[in-house]
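4 is the number of the first residue of the sequence shown in our numbering; add one for each residue after it. Don't be surprised by glycine CBs; every beta carbon is placed ideally from N, CA and C.
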Amino acid sequence: MELEVIRSVLGFVEGGERVALATVVETRGSVPRKAGSKMAVAESGRIVGTVGGGCGEAQVVEAAWETLRDGEARTVFVDLTEAILEDGVVTESEAICGGTMSVFVELVRA
Numbered sequence: 004m005e006l007e008v009i010r011s012v013l014g015f016v017e018g019g020e021r022v023a024l025a026t027v028v029e030t031r032g033s034v035p036r037k038a039g040s041k042m043a044v045a046e047s048g049r050i051v052g053t054v055g056g057g058c059g060e061a062q063v064v065e066a067a068w069e070t071l072r073d074g075e076a077r078t079v080f081v082d083l084t085e086a087i088l089e090d091g092v093v094t095e096s097e098a099i100c101g102g103t104m105s106v107f108v109e110l111v112r113a
C-alpha cells in the first residue's frame, strides 16, 4: 500500500500537481493503521492510501487541505478513544478503536 502511495505522489508531482503526504508517525493503543502508513491528497482532490478511515481520516484530510493552501507542514493528533456524539447522543461506531495516533502532513511539490 505505501509503495502505491509513493508511486502516486511521484505521478502527481511529475504532472505538476502539488500533493499533501500524510504519514502515521506514532501510535498508542489500538488503532487501524501502523506507523509508516501513508495517504496522499492531491490538489485535484484525488486521495490515495489511508491512515485508517472514518472520522480520524477526515481530520487528516482536512489538515492536508490546509497544507495544500498554506504550504505548512503540521502534525495531527487523532484520538480514537472517545465516544462519538451525534445530536447529543452517543452512537455506536467502529471508529472507536481505543488508541491514538500522530500523523505528519507535509507538502510535496515539483
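Exposed or buried, residue i, counting other C-beta atoms within 10 Å across all chains shown (16 or more means buried)?
i, result
"T70", "buried"
"G55", "buried"
"M4", "exposed"
"A113", "exposed"
"L168", "The question about residue 168 has no answer, for the chain in this structure spans 4 to 113."
"A67", "buried"
Is DSSP giving residue i helix, strand or coil here?
i, result
"V93", "Its pLDDT being 48, under 50, V93 is placed unreliably in this model, and the value from its coordinates should be taken loosely. Three-state DSSP puts V93 in a strand."
"A61", "helix"
"L13", "helix"
"T70", "helix"
On the premise that residue j lies in contact with residue i, defined as a C-beta separation below 8 Å, what is that separation, rounded to the nearest angstrom?
i, j, result
"K41", "V8", "4 Å"
"G32", "G102", "3 Å"
"M104", "T30", "5 Å"
"V22", "V111", "5 Å"
"F107", "T78", "5 Å"
Exercise. Would you call the segment 62-76 and the segment 11-20 in contact, with 3 or more CB pairs under 8 Å?
Worked result: No contact exists between the segment 62-76 and the segment 11-20.
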